[in-house]
Amino acid sequence: MDWEFQTNHEIIVRARRNATGPVWDYLAGGSETETSMRRNRQALDSLAFIPRVLRDVSEIDMSTTILGHPSSMPVFLAPVASLQIVTPEGSLCCDQAADELGLINIQSGHTEPSLEAIGLNTDHPKFYQIYVRGGREWIKDLLGRAKGHNFKALVVTVDTCVYSNRERQKLNGWEPPTRRNSAGREYLAGLSWDIWDDMVGIWDGPMIIKGVGTVEDARLAVEHGASAIYVSNHGGRQLDHDRGSIGVLPEIVAAVNGRAEVYVDGGFMRGTDIVKAIALGAKAVGIGKLQAFALAAGGQKALMNCLDILRTEIEIAMGLLGVTSLDQLNPSYLAKARPVGPSHEMSAFPHIPGGRLI
Amino acid sequence: MTTHADFLTMHDMILMARRNMDQDNWDYVCGAAESETSLRRNRMALDSLAFRPRVCRDVSDIDLSCDFFGHKLRMPVLMAPMGSLHRFSPKGSIDVDDASEEFGTVNFLSTVTEPGLEEVAQNSPHPKSFQIYVRGDNDWIKDLTKRIVKADYHSVTLTVDSAFYGNRERLNPSQLALRRVPARDWQKRITWDTVKMVQDQIGDRPFIVKGIMTAEDAALAVEAGVNAIYISNHGGRQLDHVLGNIQTLPEIASAVEGKAKIIIDGGFTRGTDIVKALAMGADYVAIGRLQAWALGAGASAGLVKCLELLEQEIITTMGLLGVTSLKQLAPEYVTNAMPVRWPHEHSAFPHLGPNPIG
């Protein structure tokens, strides 16, 4: 296929041009000092590859499964709220792109169009992400609707008990639609393992816990029946001064010990980033900011373009590492190293004019 | 001077303060000694810590209140003693006293700020601490402590890190001359005997020694029977090239063994900073520069607003960490990490202006 963009650099530059100030702040920013956001990149930039040579890498297979569903690469579309302000069709673009590329998309509970519209749009497996903003009846109703509309797994976000202090937005006096809707915030604050257990019974299917950052909680989640642990600091948009996600991944993989799948997100922008996570034991990687930048650059087409670039990068990284399938990757392909410069949300793209678009 | 308290973020507050304060006052407030390494290390030490957030705990009700020697504080944040307040806030130390009364905290009145001891004591009924700089012989000290007792200060603080005046190179000669007065040479003679003498003069008022930076001196202070150890490198304004304060907190907390309360200051400008210190064994955190910027932006009303923003950040941080009261905070919530940018007095405010990458 003929793509408009040859690199994700261009996609980000175009996104910046297309997005209005507040939308850009919403997509590119983090909370408070943006230390969590930068640590995501810093942790990725603190890993180096140990490449092996003279292995036949003419056939590279990066396909995998996510909770048993086939995925053409170890990447899924992370749930992103308020996509309707980024591109007119909102998450329909994501569903369509995932369908055409053989990927899983996670529909955010806070994005448009509705879960029914997304569920009916295509037949491929997709997941639904919930922010718990109501009591048992509210949960039952929502989960019933998700189950009835082709959503194969439930992603429960647990790192949003308090809405964080996102200062780029405050400095411009703007808040995203989801922030303006404060209904049910008390249920987010009150989320507990009891409510999780209740949801396990109501959903009666695979449950993914999103926003785990410690081995203690990863163990608890497995004990409470989670099918997958999704390591995330919400892209550095919730608790500030958290650790970088991939820095936490190894200890969580060790604690989970194969009893559940482990996913990760947080600053993943490059094929090399994805390969690092898989080598450290992640089953798949979510992309959030990159996805949103692509949507801002040009909706579904730019998103498919972006994912195709990412696929090519993964292929290059695997080939140059000397592996031909994901199951060959393990921690022996990685070493600790020092970042080569300040890490930030755009530091994986050194040719962006001025180094960083704000 | 026009002052405002209608800022929405501390970024705005600092920019307002910069506009309101003349260069001499700005240099006095922001600057530190010699290479300003101690100042920067305060921030670097804070930025070298990351949180370990726990999830699925009901955090609907978060309580920040605590006891300060028989008085209830709204949150464990104290107003550090600051000299020269009258030079950049309309009513000088009265503005701090008014804000402390209104918000519900304890302020330290510096010996070298105006209005002085009696006027501030009469200004409001809430408990406050008088901070002593020794400016004379033992009779001078006894005379001062008599006035402190007569004015009924709730506690007394002796600063012990100022035998010499730090070489503050941002200050121009006339500004230095204001502060490097001959009487301050009495500071050079302070010993543990001075500590004992002050203690004997003030009856059963809580006694605080400010400027402790080692476990050895903390142990000596405990032996001397002080009620609180105030860990401080004077905001990096005295000895250059000491450690960042929060770096010394674990060893000092372990030397103190709970036999005295621990107060800490040094670069604390965010809710995350405060929560880190509390998790690592401090009982209270004092703010100096942040207080001065708030006063510069909006005098007393500005300081109240700043404390409200800080309170909100502390609540957000605790909620996202999964704790609902101060006593639940423990070292297990904090781990080591790398800073994401070069530290300086404003590095916790990344959106202030140019140099967006560093």
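The listed protein sequences derive, respectively, from chains A and B. Residue 1 is where the first sequence starts when you use this note's numbering, and the numbers rise one by one after that. Residue 1001 is where the second sequence starts when you use this note's numbering, and the numbers rise one by one after that. Glycine residues also receive a C-beta, built at the ideal position from the N, C-alpha and C atoms.
>> In this structure, how does DSSP classify Val23 (chain A) when only helix, strand and coil are distinguished?
In response: helix
> With DSSP run on the structure shown, which of helix, strand or coil describes Phe1068 (chain B)?
Replying inline: Taken through DSSP and simplified to helix, strand or coil, Phe1068 (chain B) comes out as strand.
> What are the boundary residues of the beta strand (DSSP E) that Thr69 (chain A) is part of?
Replying inline: What sits at residue 69 (chain A) in the sequence shown is His, not Thr. Unbroken beta strand (DSSP E) run through His69 (chain A): His69 to Ser71.
>> On the criterion of 16 or more Cβ atoms from any shown chain inside 10 Å, does Asn105 (chain A) qualify as buried, or is it exposed?
In response: buried
> How about Pro1081 (chain B): is its C-beta nearer than 7 Å to some C-beta of chain A?
Replying inline: For Pro1081 (chain B), the answer is no, since every Cβ of chain A falls outside 7 Å of its Cβ.
> At a Cβ threshold of 7 Å, is His241 (chain A) touching chain B?
Replying inline: yes
> Is the CB-CB distance between Asn1042 (chain B) and Gly1236 (chain B) below 7 Å?
Replying inline: yes
>> Quick test of your reading: Ala1224 (chain B) and Lys1196 (chain B), contact by CB under 8 Å. State the CB separation rounded to the nearest angstrom.
In response: About 6 Å separates the Cβ atoms of Ala1224 (chain B) and Lys1196 (chain B), confirming a contact at the 8 Å cut-off.
>> As an exercise, report each continuous beta strand (DSSP E) stretch of at least 3 residues that is fully enclosed by the region 1315-1358 of chain B, in chain order.
In response: 1334-1336
>> I want to see whether chain B comes within less than 7 Å of Ser232 (chain A), judged by CB atoms only; does it?
In response: no
>> Would Pro1053 (chain B) pass as an interface residue toward chain A - the criterion being a Cβ-Cβ separation below 7 Å?
In response: yes
> What is the DSSP secondary structure of Lys1210 (chain B), reduced to helix, strand or coil?
Replying inline: strand
> To which residues does DSSP link Val285 (chain A) through a beta bridge?
Replying inline: A:Val75 and A:Val264
> Closest by CA to Ile252 (chain A), which one among A:Trp138, A:Asp273 and A:Ile229?
Replying inline: A:Ile229
> Residues in the region 154-177 of chain A with C-beta within 7 Å of chain B's C-beta atoms, listed in sequence order?
Replying inline: Val158, Asp159, Cys161, Val162, Ser164, Asn165, Glu167, Arg168, Lys170 and Leu171
>> Taking 6 Å as the limit between beta carbons, can you name the residues of its chain near Glu1311 (chain B), skipping five residues before and five after?
In response: Met1075
> What span of residues does the beta strand (DSSP E) with Met1 (chain A) cover, start to end?
Replying inline: No beta strand (DSSP E) contains Met1 (chain A), which DSSP labels as neither H nor E.
> Quick one: Cα of Glu315 (chain A) to Cα of Arg338 (chain A), how far?
Replying inline: 24 Å
> For the beta strand (DSSP E) that contains Phe151 (chain A), what are its first and last residues?
Replying inline: Here the beta strand (DSSP E) through Phe151 (chain A) covers Phe151 to Thr157.
>> Check whether chain B comes within 7 Å of Arg39 (chain A), counting only Cβ atoms and requiring the distance to be less than that.
In response: yes
> For Leu1008 (chain B) and chain A, any beta-carbon pair shorter than 7 Å?
Replying inline: yes
>> I need the DSSP call for Glu137 (chain A), collapsed to helix, strand or coil.
In response: helix
>> Can you tell me whether Asn1172 (chain B) is helix, strand or coil according to DSSP?
In response: coil
>> Let me make sure I understand the geometry here. Which of A:Ala348, A:Leu249, A:Ile358 and A:Ser164 has the alpha-carbon closest to that of Thr7 (chain A)?
In response: A:Ala348
>> Per the DSSP calculation, Ile130 (chain A) is bridged to which residue(s)?
In response: A:Val156
> If you check the beta carbons only, do Gly1271 (chain B) and Thr1317 (chain B) fall under 7 Å apart?
Replying inline: yes
>> Rounded to whole angstroms, what is the Cα-Cα separation between Gly1319 (chain B) and Asp1063 (chain B)?
In response: 10 Å
> Sorted by chain position, which residues of the same chain lie with C-beta nearer than 6 Å to Ala971 (chain B)'s C-beta, five sequence neighbours on each side aside?
Replying inline: In the structure as shown, chain B starts at 1001 and stops at 1358, and residue 971 (chain B) therefore has no counterpart that could be examined.
> Can you check whether the CB of Arg237 (chain A) is closer than 7 Å to the CB of Gly30 (chain A)?
Replying inline: yes
> Under the three-state reduction of DSSP, which class applies to Ile1190 (chain B): helix, strand or coil?
Replying inline: coil
> Under 7 Å, do Leu44 (chain A) and Gly267 (chain A) count as touching if we go by C-beta distance?
Replying inline: yes
>> Suppose you measure from the CA of Asp95 (chain A) to the CA of Leu115 (chain A); what does that come to, to the nearest Å?
In response: 11 Å
> Do the region 1277-1293 of chain B and the region 1242-1258 of chain B touch if we need at least three Cβ pairs shorter than 8 Å?
Replying inline: yes
> If we count the other Cβ atoms within 10 Å of its Cβ and call it buried at 16 or more, is Glu1257 (chain B) buried or exposed?
Replying inline: exposed
> Using a beta-carbon distance cut-off of less than 8 Å, what residues from the region 314-340 of chain A approach chain B?
Replying inline: none
> Measuring CA to CA, which of A:Gly201, A:Val222 and A:Ile202 is closest to Lys210 (chain A)?
Replying inline: A:Val222
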